[in-house]
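Colleague: Going by full-length UniProt numbering, the first residue of the sequence shown is number 1, and it counts up by one from there. C-beta: ideal position from N, C-alpha, C; glycine also. Computed from a predicted structure; not experimentally measured.
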Amino acid sequence: GIFAEICRGLNQIGEATDASISEMNAALRHLAKGDLTYVMRDGFVGVFAEMAHSLQAANDAITGTVLAIEATSQIIDGSSAEIGSATNDLARRSEHNAAMLEETASALEQMSGTIGSMTGLANEAKDQMRDISSHAESGNSIAQEALAAMESIRQSSERIEGVLQVIDDIAFQTNLLALNAGVEAARAGESGRGFAVVASEVRALAQRSSEASQEIAQIIGTATRDVGRGVEMVDNTADALGQIVGSLRRVQERIEHIAGAVGESQVGIAEISKATTELDRTSQQNAAMIEETNAALTTLRGEADQLVSNVAQFNTGALSRRDTAA
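Shown next as structure tokens:
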């Protein structure tokens, strides 16, 4: 009757409930074991159908998440390996650059010392050239003074020659007068004998004066010629000294220019050395940062491997990228 139908209905409901609960329990057991491949059968009704649908959706979502985590872990692992290789290469290059910078800094230091010595030598040469130029200018001034003195001697000699010419003329006239006086004394006879003696003495004195003036004129002429040659030599010496002074001034200017250029080079090398030292310090800091980065990458790869290992506990029914690569 009706009661029997009710009992059969209740039995059917109970069996359906037991079957649904048993099926969902089986799905949960597979999920607990990490098996995400289990698919529940169809046939759920009512609220059990909604629960089964939600449970399957959760399983699918977990499967997608696990696959995404596995793929991301593989990417992290690969990227970490690439970054690690790049940082290792960068570390080697940085180490090589640091060694080169140290060698460059050492070479610059030696060069700076050499240029410092060159600067000192250039300054000493500049001072010496200044002293030599000063002495040459003094010699030139002395030569000019000697030239002026010799010119004065030449002019004085010319004046003396003029005076001697006058003396010679006077002696000639005196000799003529003495001759005339001797002639007149001879005409006077015995009374003019004393006057004739005086006239003879005067004539002899005039002759000696003429000879002496001629001898002096000859000596002065020789001296004048010697002075002329001396004037010419001193003039040539003055010209040579003038040229030497000009050359020394030009050499001094060039040495001063060289000293200035060397000084500027020393300043530039000091700045380059400072920059090189700063680059070396930066390279060492970069090397330390690279070591820290490598350590962080090692830790990251370890965490990624651990994550892959944890994800591998889930069976998604698909080959992982690592298995595919293997």
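Decide if GLU82 is buried, meaning its Cβ has at least 16 other Cβ atoms within 10 Å, or exposed.
Modeller: Along the sequence shown, one-based indexing puts residue 82 at 82. Flag for GLU82 reads exposed.
Colleague: Per DSSP, what are the beta-bridge partners of ASN315 in this structure?
Modeller: As a working mapping, residue 315 is identified with position 315 in the sequence shown. Paired residue(s): ASP35.
Colleague: Suppose the cutoff is 6 Å on Cβ atoms and the five residues either side in sequence are ignored; what does the same chain contact list for SER94 look like?
Modeller: Looking up residue 94 in the sequence shown gives position 94. Here the set comprises SER283, ASN286 and ALA287.
Colleague: Taking Cβ to Cβ, would you say SER213 is nearer than 8 Å to LEU164?
Modeller: Here residue 213 corresponds to residue number 213 of the sequence shown, with the count starting at 1. Here residue 164 corresponds to residue number 164 of the sequence shown, with the count starting at 1. For SER213 and LEU164, yes; Cβs fall inside 8 Å.
Colleague: Between the C-alpha atoms of SER320 and ILE62, what's the straight-line distance to the nearest angstrom?
Modeller: Translated into the one-based positions of the sequence shown, residue 320 becomes position 320. Translated into the one-based positions of the sequence shown, residue 62 becomes position 62. In this predicted model, SER320 has a pLDDT of only 43, less than 50, meaning its place in the structure is not dependable; the value taken from the coordinates is given anyway. So the alpha carbons of these two residues sit roughly 15 Å apart.
Colleague: Going straight from the alpha carbon of residue 374 to that of ALA98, what length do you get?
Modeller: Only positions 1 to 326 of the chain appear in this structure, which leaves residue 374 out of reach.
Colleague: Just reading off the alpha helix (DSSP H) that GLY182 is part of, what are its end residues?
Modeller: Numbered from 1 along the sequence shown, position 182 holds the residue referred to as residue 182. It spans 46 to 188 - the alpha helix (DSSP H) in which GLY182 sits, taken as one unbroken run.
Colleague: Report the rounded CA-to-CA distance for ASN123 versus SER106, giving the unit in angstroms.
Modeller: As a working mapping, residue 123 is identified with position 123 in the sequence shown. As a working mapping, residue 106 is identified with position 106 in the sequence shown. About 26 Å.
Colleague: Throw me the rounded Cβ distance for the ALA52 and MET24 pair, which I believe falls under 8 Å.
Modeller: Looking up residue 52 in the sequence shown gives position 52. Looking up residue 24 in the sequence shown gives position 24. 6 Å between Cβ atoms; contact.
Colleague: Please report how far the alpha carbon of MET289 lies from the alpha carbon of LEU300, in whole angstroms.
Modeller: Position 289 of the sequence shown, counted from the first residue, corresponds to residue 289. Position 300 of the sequence shown, counted from the first residue, corresponds to residue 300. Each residue's alpha carbon lies about 16 Å from the other.
Colleague: Would you grab the beta carbon distance between ALA136 and VAL245 for me? Rounded to a whole angstrom, and I think it's under 8 Å.
Modeller: Counted from its first residue, the sequence shown places residue 136 at position 136. Counted from its first residue, the sequence shown places residue 245 at position 245. At roughly 5 Å, the Cβ-Cβ gap stays under 8 Å, so ALA136 and VAL245 are in contact.
Colleague: May I have the straight-line CA-CA distance separating ASP60 from VAL45, to the nearest angstrom?
Modeller: The count along the sequence shown starts at 1 and reaches residue 60 at position 60. The count along the sequence shown starts at 1 and reaches residue 45 at position 45. Cα to Cα, ASP60 sits roughly 21 Å from VAL45.
Colleague: Give the DSSP-derived three-state secondary structure of GLY43 in the structure shown.
Modeller: As a working mapping, residue 43 is identified with position 43 in the sequence shown. DSSP places GLY43 in coil when its eight states are reduced to three.
Colleague: With a threshold of 16 other CB atoms inside 10 Å of the CB of ASN140, please say whether the residue is buried or exposed.
Modeller: Within the sequence shown, residue 140 is the residue found at index 140, counting from 1. ASN140 comes out buried.
Colleague: Could you tell me whether the region 256 to 266 touches the region 140 to 149, using the rule of 3 or more Cβ pairs below 8 Å?
Modeller: The region 256 to 266 is not in contact with the region 140 to 149.
Colleague: How many angstroms separate the CA atom of residue 330 from the CA atom of LEU205?
Modeller: Past the edges of the chain, shown from 1 to 326, lies residue 330, and the structure says nothing about it.
Colleague: Within this structure, are the beta carbons of LEU307 and SER73 separated by less than 8 Å?
Modeller: Residue numbering aside, residue 307 sits at position 307 when the sequence shown is read from its first letter. Residue numbering aside, residue 73 sits at position 73 when the sequence shown is read from its first letter. Contact flag set, yes.
Colleague: What's the C-alpha gap between GLN243 and LEU279?
Modeller: Mapped onto the sequence shown, residue 243 falls at position 243. Mapped onto the sequence shown, residue 279 falls at position 279. The straight-line gap from Cα to Cα measures roughly 53 Å.
Colleague: Given this structure, state the Cα-to-Cα distance separating THR37 from ARG281, to the nearest angstrom.
Modeller: As a working note, residue 37 is residue 37 in the sequence shown. As a working note, residue 281 is residue 281 in the sequence shown. Approximately 58 Å between the Cα atoms of the pair.
Colleague: Mind the definition here: the region 146 to 160 touches the region 180 to 189 only if three or more C-beta pairs lie below 8 Å; say whether that holds.
Modeller: No, they do not touch.
Colleague: Inspect the beta-carbon positions of GLY230 and MET150 and report whether they are closer than 8 Å.
Modeller: Along the sequence shown, one-based indexing puts residue 230 at 230. Along the sequence shown, one-based indexing puts residue 150 at 150. Cβ atoms of GLY230 and MET150: closer than 8 Å.
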